[in-house]
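Student: Residue numbers (my numbering), protein chains in the order written: chain A, 58 to 487; chain B, 58 to 487.
All C-beta atoms in this analysis are idealised placements derived from N, C-alpha and C, irrespective of residue type, glycine included.
2 protein chains.
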Amino acid sequence: MPAGRRWKVIRGMMWAIARRQVAFGCSSAWSLRRILPASVASALQGYVALTTANEASGCRENYSWGSCAAFHSVGRQLHSHRSSVVEEQLDPFSLVENELYILASRLRSMVVAEVPKLASAAEYFFKMGVEGKRFRPTVLLLMATALNVPIPEPASVGVGDAIATELRIRQQRIAEITEMIHVASLLHDDVLDDADTRRGIGSLNFVMGNKLAVLAGDFLLSRACVALASLKNTEVVTLLATVVEHLVTGETMQMTTTSEQRCSMEYYLQKTYCKTASLISNSCKAIALLAGQTAEVSVLAYEYGKNLGLAYQLIDDVLDFTGTTTTLGKGSLSDIRHGIVTAPILYAMEEFPQLREVVDRGFDNPADVELALDYLGRSRGIHRTRELAAKHASLASAAINSLPNNDDEDVQKSRRALVDLTHRVITRTK
Amino acid sequence: MPAGRRWKVIRGMMWAIARRQVAFGCSSAWSLRRILPASVASALQGYVALTTANEASGCRENYSWGSCAAFHSVGRQLHSHRSSVVEEQLDPFSLVENELYILASRLRSMVVAEVPKLASAAEYFFKMGVEGKRFRPTVLLLMATALNVPIPEPASVGVGDAIATELRIRQQRIAEITEMIHVASLLHDDVLDDADTRRGIGSLNFVMGNKLAVLAGDFLLSRACVALASLKNTEVVTLLATVVEHLVTGETMQMTTTSEQRCSMEYYLQKTYCKTASLISNSCKAIALLAGQTAEVSVLAYEYGKNLGLAYQLIDDVLDFTGTTTTLGKGSLSDIRHGIVTAPILYAMEEFPQLREVVDRGFDNPADVELALDYLGRSRGIHRTRELAAKHASLASAAINSLPNNDDEDVQKSRRALVDLTHRVITRTK
Numbered sequence: 058m059p060a061g062r063r064w065k066v067i068r069g070m071m072w073a074i075a076r077r078q079v080a081f082g083c084s085s086a087w088s089l090r091r092i093l094p095a096s097v098a099s100a101l102q103g104y105v106a107l108t109t110a111n112e113a114s115g116c117r118e119n120y121s122w123g124s125c126a127a128f129h130s131v132g133r134q135l136h137s138h139r140s141s142v143v144e145e146q147l148d149p150f151s152l153v154e155n156e157l158y159i160l161a162s163r164l165r166s167m168v169v170a171e172v173p174k175l176a177s178a179a180e181y182f183f184k185m186g187v188e189g190k191r192f193r194p195t196v197l198l199l200m201a202t203a204l205n206v207p208i209p210e211p212a213s214v215g216v217g218d219a220i221a222t223e224l225r226i227r228q229q230r231i232a233e234i235t236e237m238i239h240v241a242s243l244l245h246d247d248v249l250d251d252a253d254t255r256r257g258i259g260s261l262n263f264v265m266g267n268k269l270a271v272l273a274g275d276f277l278l279s280r281a282c283v284a285l286a287s288l289k290n291t292e293v294v295t296l297l298a299t300v301v302e303h304l305v306t307g308e309t310m311q312m313t314t315t316s317e318q319r320c321s322m323e324y325y326l327q328k329t330y331c332k333t334a335s336l337i338s339n340s341c342k343a344i345a346l347l348a349g350q351t352a353e354v355s356v357l358a359y360e361y362g363k364n365l366g367l368a369y370q371l372i373d374d375v376l377d378f379t380g381t382t383t384t385l386g387k388g389s390l391s392d393i394r395h396g397i398v399t400a401p402i403l404y405a406m407e408e409f410p411q412l413r414e415v416v417d418r419g420f421d422n423p424a425d426v427e428l429a430l431d432y433l434g435r436s437r438g439i440h441r442t443r444e445l446a447a448k449h450a451s452l453a454s455a456a457i458n459s460l461p462n463n464d465d466e467d468v469q470k471s472r473r474a475l476v477d478l479t480h481r482v483i484t485r486t487k
Numbered sequence: 058m059p060a061g062r063r064w065k066v067i068r069g070m071m072w073a074i075a076r077r078q079v080a081f082g083c084s085s086a087w088s089l090r091r092i093l094p095a096s097v098a099s100a101l102q103g104y105v106a107l108t109t110a111n112e113a114s115g116c117r118e119n120y121s122w123g124s125c126a127a128f129h130s131v132g133r134q135l136h137s138h139r140s141s142v143v144e145e146q147l148d149p150f151s152l153v154e155n156e157l158y159i160l161a162s163r164l165r166s167m168v169v170a171e172v173p174k175l176a177s178a179a180e181y182f183f184k185m186g187v188e189g190k191r192f193r194p195t196v197l198l199l200m201a202t203a204l205n206v207p208i209p210e211p212a213s214v215g216v217g218d219a220i221a222t223e224l225r226i227r228q229q230r231i232a233e234i235t236e237m238i239h240v241a242s243l244l245h246d247d248v249l250d251d252a253d254t255r256r257g258i259g260s261l262n263f264v265m266g267n268k269l270a271v272l273a274g275d276f277l278l279s280r281a282c283v284a285l286a287s288l289k290n291t292e293v294v295t296l297l298a299t300v301v302e303h304l305v306t307g308e309t310m311q312m313t314t315t316s317e318q319r320c321s322m323e324y325y326l327q328k329t330y331c332k333t334a335s336l337i338s339n340s341c342k343a344i345a346l347l348a349g350q351t352a353e354v355s356v357l358a359y360e361y362g363k364n365l366g367l368a369y370q371l372i373d374d375v376l377d378f379t380g381t382t383t384t385l386g387k388g389s390l391s392d393i394r395h396g397i398v399t400a401p402i403l404y405a406m407e408e409f410p411q412l413r414e415v416v417d418r419g420f421d422n423p424a425d426v427e428l429a430l431d432y433l434g435r436s437r438g439i440h441r442t443r444e445l446a447a448k449h450a451s452l453a454s455a456a457i458n459s460l461p462n463n464d465d466e467d468v469q470k471s472r473r474a475l476v477d478l479t480h481r482v483i484t485r486t487k
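Okay, here's the thing in structure tokens:
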């Protein structure tokens, strides 16, 4: 059997076994060896063991984003059939559904703390049902497959597979660490913003107080750092530690603007990179580095993440004005009400310079919010923001299409899924 | 010249050069090469370069703790003379004075941020005059020398020295990272405690607000993580990341106690280890690991740090009751007033079980504080806490005295200084 095909079969078995083990709370080497040859069981054993820690039973999550009917279907039609564990689907989220399931279990086991209150706080956003869209892990797992140069035929049966499995596990760690850093930043951001809701439930600071939210964020960062260290790749540790610095920088940039900065598109984009795009771009790069890819390929992975992240945030900024409709003012308007100026207003200001005065007053007065919306409605601000998002989505697609040719079916599927995600990001309505 | 002696001479020159360069804002390889042979200049160049970044001029700091006249002099007499940069003093703080100076400069350059507000917040406690006692860096630099197995005679002149210099620089990084983690935890703790002062000035949260204090703490942690990664030693990264977890755990243990836990000496000591002793013990261990010491020596370094840290905190808990006097109630009483029960009260409770009721009421009522002080005064609580601190100080000394024999003069001096510190810790009055 060719190495690529064998890897697919093994991976299918791996998911099936891992899920069975999670379901029955059983992770011993013995149980693996009962149903697999010793060499394969050994390669998978490490993988499965941790997924079942602290997890006596499991159930499937719903992908609020991936399965959302509101998505506009763009590009190719996505066919879904589940005839076997080996045959995979093209829908981006479904393609990595099994892996996301294991990842969610592992995350819950990684954030277990001894002190009960800290444990409740740290696991708060990793509990089933409130894991969010899992956009980042999806992108990262797809990127891992998209960059998967076929493994050379192994010298002896099983060695190549073991290497591939090991690499995949390390790439999953990146997805887990990225999610921990993301949630840590959400916890601290919610404290900073006095937020009261998150992912449809009370924010942690609202439910358990600011102190525990700060501590839980620190705890997740320390666990992420321990997990990072275990990868034994200095460049990757540095990349992701720098992301934390960017997250802090972005938040501070937003909190402490001068009038000049608040009205600068360059400043806005730099802040957006720090707050949103740095995490996904640098973790995409980490996926490439772990796979031993060339500097060129690592840069393409980074460029994909950066542009996807920027496109995502630009659309977020549009939706804050429009909500699920196309009508201005139907969104939550939370940015502008907090005095945060985003791309639509910045573009509107180019057409109506008098809007600057309104912006400079801040938006403490609701009448100023209305006035800004009026200017925005008469401008091409929303349209131009969507155009900019589309441009970044297109750059993200271009990065994927510039990857070295690879005919492997899985690699092709994952690349198409990554391109598909760029369309979904700019056409989403929530 | 023997390798040990040559290293001393080089180190003396290194300080002199580094300080001169800091004073004149000059760090080029050229300026080093003008006054040193090429091989030595090259070895020092990397060392000095970063110390001068963002530092146009420097001046000497005061060591509030090391030079404090209030210290009881115990053990040997400490003679201080500054005849040359090569001749070193036995006073623990003076022994590493030059290195602390460079370390302080480097720390200021390591926490520079692009965003002005973040920069001001991050450097707040690294500014000259408010660096605190620099107890941890002093211990770590002394430990580095105390473990310094003489370098084998180099194959060619200069190679051994370059290796020694490189190792010392890496150990200094540990001292810097430890200080960054320490300050990050102070920033977050002050937010959690609504503290208004720290190191004799306004706490950062008080001066710049909770939000910036949280962000500055995160920023310092991310910079510490980047610096850690650059050491390329996975075990060390894991050790120090685990310390952050311990700091969070200790803080949460203190915040969320049951009545049973609040009255348990075991719980108190575990919390004290997490909050105070973990950082110094694990960073001492990191110093040993970087030097390639055996597991046994690393454990001794860890044991020294752990016992010194516990002794330090036990005395802190006594001083919270007595202040600079020997009279109860003359301290700030900040622990008990915040409902935090420490060793003196725990011991008093063993003699007067009825004190438990008072403790269980919390200490919202000032009359309960007075009542607890009355019980404490009639008990051996303070005495037994001092005894426990002395026991831990003695264990710390024993760890140093168990290190493999080494006749090198510097090694001997540093070991004596570390033992001396254990006396200072338990006899200090502030």
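Name, please, each residue of chain A whose Cβ falls closer than 8 Å to the Cβ of B:ASP253.
Tutor: Those do not exist, as B:ASP253 stays about 16 Å from chain A at its closest Cβ, beyond 8 Å.
Student: Output yes or no for whether 8 Å exceeds the beta carbon distance between A:LEU175 and B:VAL305.
Tutor: Yes. Within cutoff.
Student: Applying a beta-carbon distance threshold of less than 7 Å, which residues of chain B neighbour A:ARG280?
Tutor: Result: GLU302.
Student: Along the stretch 222 to 245 of chain B, where does the CB come closer than 9 Å to a CB of chain A? Name the residues.
Tutor: For the stretch 222 to 245 of chain B, which is checked against every Cβ of chain A, the residues closer than 9 Å are ALA241, SER242 and HIS245.
Student: Taking A:LEU433 as the reference, which of A:ARG418, A:PHE409, A:ALA343 and A:SER454 has the closest Cα?
Tutor: Measuring from the Cα of A:LEU433, the nearest candidate turns out to be A:PHE409.
Student: Under three-state DSSP, which class holds A:GLY438?
Tutor: DSSP places A:GLY438 in helix when its eight states are reduced to three.
Student: Could you confirm whether any beta carbon from chain B is found closer than 8 Å to the beta carbon of A:SER114?
Tutor: Any reading at A:SER114 must be qualified, since the residue scores a pLDDT of 30, below 50, and its modelled position is unreliable; no value is offered.
Student: Can you give me the Cβ contacts of A:GLN311 inside the same chain, cut-off strictly under 8 Å, excluding the 5 residues immediately before and after it?
Tutor: Hits under 8 Å: LYS328, LYS332 and ILE397.
Student: Do B:LEU198 and B:VAL153 have their C-beta atoms closer together than 8 Å?
Tutor: Against a cut-off of 8 Å, the Cβ pair of B:VAL153 and B:LEU198 comes out as a contact.
Student: What does A:PHE192 reach in chain B if we use C-beta pairs closer than 7 Å?
Tutor: Simply none; closest approach about 22 Å.
Student: Count the other CB atoms, across all protein chains shown, that sit within 10 Å of the CB of B:ARG319; report buried if there are 16 or more and exposed otherwise.
Tutor: Its Cβ being crowded by 16 or more others within 10 Å, B:ARG319 is buried.
Student: Could you tell me which chain B residues have their CB closer than 8 Å to the CB of A:GLU308, listed as they occur along the chain?
Tutor: Those within 8 Å of A:GLU308 in chain B are LEU272.
Student: Mind checking if B:VAL248 is an interface residue toward chain A, Cβ cutoff 8 Å exclusive?
Tutor: Answer yes: the Cβ-Cβ gap between B:VAL248 and chain A drops below 8 Å somewhere.
Student: What in chain B is Cβ-close to A:PHE276, meaning under 7 Å?
Tutor: The answer, in chain order, is GLU302 and VAL305.
Student: Could you pull out every residue in the same chain whose Cβ sits closer than 7 Å to the Cβ of B:GLU292, ignoring the five residues on either side in sequence?
Tutor: Cβ neighbours of B:GLU292 beyond the five flanking positions: LEU346.
Student: Locate the alpha helix (DSSP H) running through B:PHE263, then write down its first and last residues.
Tutor: First-last of the alpha helix (DSSP H) with B:PHE263: 261 to 265.
Student: Would the beta-carbon of B:LEU475 fall within 8 Å of that of B:ALA203?
Tutor: Yes; because the gap between Cβ atoms is below 8 Å, this pair is in contact.
Student: Which term fits B:ARG418, buried or exposed, when burial requires 16 or more other beta carbons within 10 angstroms of its beta carbon?
Tutor: Exposed: under 16 other Cβ atoms inside 10 Å.
Student: Contact criterion: CB-CB distance below 8 Å. Does B:MET167 meet it with respect to chain A?
Tutor: No - not a single Cβ of chain A is within 8 Å of the one on B:MET167.
Student: Tell me, please, which residues DSSP counts as bridged to A:ILE258.
Tutor: Paired residues: A:ARG255.
Student: CB-CB under 7 Å to A:ALA424, same chain, minus the five flanking residues each way: which ones, in chain order?
Tutor: Hits under 7 Å: none found.
Student: Quick one: grab the DSSP three-state call for A:GLN228.
Tutor: In the structure shown, A:GLN228 sits in a helix (DSSP, three-state: H, G or I).
Student: Do you know how far the Cα of A:LYS470 is from the Cα of B:ARG255?
Tutor: If I take the Cα positions, the gap works out to 57 Å.
Student: Identify which residue in B:LEU244, B:ALA201, B:SER335 and B:ASP247 has its Cα closest to the Cα of B:GLN229.
Tutor: Considering only alpha carbons, the answer is B:ALA201.
Student: Is B:PRO149 near B:LEU478, with beta carbons less than 8 Å apart?
Tutor: Yes.
Student: Under a three-way DSSP split, which group does A:ASN463 fall into?
Tutor: Coil, per DSSP.
Student: Looking at chain B, is there any beta carbon in it that lies within less than 8 Å of the beta carbon of A:MET322?
Tutor: A:MET322 does not count as touching chain B.
Student: Just checking: is the beta-carbon of A:LEU478 within a distance shorter than 8 Å of some beta-carbon in chain B?
Tutor: Chain B contact via Cβ: absent.
Student: Give the secondary structure of B:PRO194 by DSSP, where H, G and I count as helix, E and B as strand, and everything else as coil.
Tutor: Reduced to three states, the DSSP call for B:PRO194 is helix.
Student: For B:HIS239, tell me which candidate among B:THR309, B:ASP275 and B:ASP253 has the shortest Cα-Cα distance.
Tutor: For B:HIS239, the nearest C-alpha among the options comes from B:ASP275.
Student: For chain B, is any of its Cβ atoms less than 8 Å away from the one on A:ARG180?
Tutor: Arg is not the amino acid found at residue 180 of chain A; the sequence shown has Glu there. Taking Cβ atoms only, chain B never reaches closer than 8 Å to A:GLU180, which makes this a no.
Student: Relative to the C-alpha of B:CYS282, which candidate in A:ASP421, A:LEU296 and A:ARG485 has its C-alpha closest?
Tutor: Of the listed residues, the one whose Cα sits closest to B:CYS282 is A:LEU296.
Student: Here's the rule: buried if 16 or more other CB atoms are within 10 angstroms of the residue's CB, otherwise exposed. What is A:GLU427?
Tutor: The residue is exposed, with fewer than 16 neighbouring Cβ atoms inside 10 Å.
Student: Which residues in the same chain have their Cβ closer than 6 Å to the Cβ of B:GLY189, if we skip the five residues on either side of it in sequence?
Tutor: Excluding sequence neighbours, B:GLY189 sits near ARG256.
Student: Should B:ALA286 and B:ALA368 be called a contact, given that it needs their Cβ atoms to be closer than 8 Å?
Tutor: Taking 8 Å as the Cβ cut-off, B:ALA286 and B:ALA368 do not qualify as a contacting pair.
Student: Thinking C-beta only, is A:GLY366 closer than 8 Å to A:TYR404?
Tutor: No, these two residues do not count as a Cβ contact at 8 Å.
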